[in-house]
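Heads up: the sequence shown at position 131 corresponds to 131 in my numbering, and the numbers run straight through without jumps. We put the beta carbon where it would ideally sit given N, CA and C, even for glycine. On a predicted model such as this, the values are computed, not experimentally measured, just so you know.
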Amino acid sequence: MPREITAFSNPLIKRIRSLREKRHRREEGLFLAEGLRILTEAREAGRIPQYLFFARDSAAHPLVLALVAAVEAAGGEAIETVPDILSKLSGKDNPQAVVGVFAEFTRTLDSLDRYSASIWLVAERLRDPGNLGTILRTGDAVGAGALILIGECVDPFSVEAVRASMGALFTVPVVQCEWAEFLPWLRSGPGQLVGLSLDTETGYRTASYTAPTFLLTGNEAQGMPDGYAAQCDVLVKIPMLGKADSLNAAVATAVMAYEVLGRE
Numbered sequence: 001m002p003r004e005i006t007a008f009s010n011p012l013i014k015r016i017r018s019l020r021e022k023r024h025r026r027e028e029g030l031f032l033a034e035g036l037r038i039l040t041e042a043r044e045a046g047r048i049p050q051y052l053f054f055a056r057d058s059a060a061h062p063l064v065l066a067l068v069a070a071v072e073a074a075g076g077e078a079i080e081t082v083p084d085i086l087s088k089l090s091g092k093d094n095p096q097a098v099v100g101v102f103a104e105f106t107r108t109l110d111s112l113d114r115y116s117a118s119i120w121l122v123a124e125r126l127r128d129p130g131n132l133g134t135i136l137r138t139g140d141a142v143g144a145g146a147l148i149l150i151g152e153c154v155d156p157f158s159v160e161a162v163r164a165s166m167g168a169l170f171t172v173p174v175v176q177c178e179w180a181e182f183l184p185w186l187r188s189g190p191g192q193l194v195g196l197s198l199d200t201e202t203g204y205r206t207a208s209y210t211a212p213t214f215l216l217t218g219n220e221a222q223g224m225p226d227g228y229a230a231q232c233d234v235l236v237k238i239p240m241l242g243k244a245d246s247l248n249a250a251v252a253t254a255v256m257a258y259e260v261l262g263r264e
């Protein structure tokens, strides 16, 4: 049976609110996700929050009832509260009806089966949580095997990245590693490394792609290092017909992913 918390001074509220900061997420091994759609996506993917906070005026909603039942069946705790506390937890003036607290989860390169998908997304030093979330959504849309984050990337479990992923964080495996780990793993089996670059004459529609294809997107501002580009099997560029010199990293990844998907 859900308990009720309505006081801002409650120790659990203070603890959960602190998860908006990376340091506390790392210490606790927990992160926040908000919204019925995202939490329902998580439930359907087998990810159940340890804590579920929901507004009392949404308690009768069928999806909220399903989440409460799943949390309690898994040994977690469902907590009825007020919109002001949900706002405090999420950092939004107009909070969603539910906020979930999940255990962080990541995969390792060795846990991936490269034969399970024809497209894999790789992002190097990705800094913007919106881009990370959007790339995860693209990965979900094209059936990517995983999103592999290289180097110092934005935290995929930040509130902003989780929100931008619209639930794809729970459906697309995420691996965090260094280039020195990724490259030997990639070369230990089949896999074509395709880099998105402005320093090539090969158009993305003229290149040949071989599954499994690993699409490498560089840092938003600096692109990928020359050493990384030199290790790619092919470098391709997306033509720019206007004044802009490049596309947003997430948009370019989506364009490339669908081009590769269309070659299957």
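Its Cα nearest to that of C153, the residue G130 stands out among M166, F170, G130.
Counting only runs of at least 3 residues, the region 101 to 174 fully encloses the following beta strand (DSSP E) elements, listed from N- to C-terminal order: 119 to 124, 147 to 150. Look at R26 here: in three-state DSSP terms it is helix.
Of the residues assessed, L186 falls on the buried side of the cut-off, its CB having 16 or more other CB atoms within 10 angstroms. Burial check for L241: the Cβ neighbour count within 10 Å stays below 16, so the residue is exposed. For V82, there is no enclosing alpha helix (DSSP H), as DSSP gives it neither H nor E.
In this structure, the straight-line span from the alpha carbon of L112 to that of F182 is close to 12 Å.
Put simply, the backbone Cα of A161 is about 10 Å away from that of I135. Under the DSSP assignment, Y51 falls outside any alpha helix (DSSP H), being part of the beta strand (DSSP E) whose first and last residues are 51 to 55. L198 carries a coil assignment under DSSP once its states are collapsed to helix, strand and coil.
If you compare the alpha carbons of Q231, G145, E201 with that of S116, the shortest gap goes to G145. Counting along the chain, L215 sits inside the beta strand (DSSP E) bounded by residues 213 to 217.
Collapsing the DSSP output to three states places F182 in a helix. Setting aside the 5 residues that flank it on each side, H24 is surrounded in the same chain by S18, each with a C-beta closer than 7 Å to its C-beta; the list follows chain order.
A97 places its beta carbon less than 8 Å from that of F54. Contact annotation: G189 and R107 have beta-carbon atoms that are not nearer than 8 Å. According to DSSP, residue pairing for K237 in a beta bridge involves G203.
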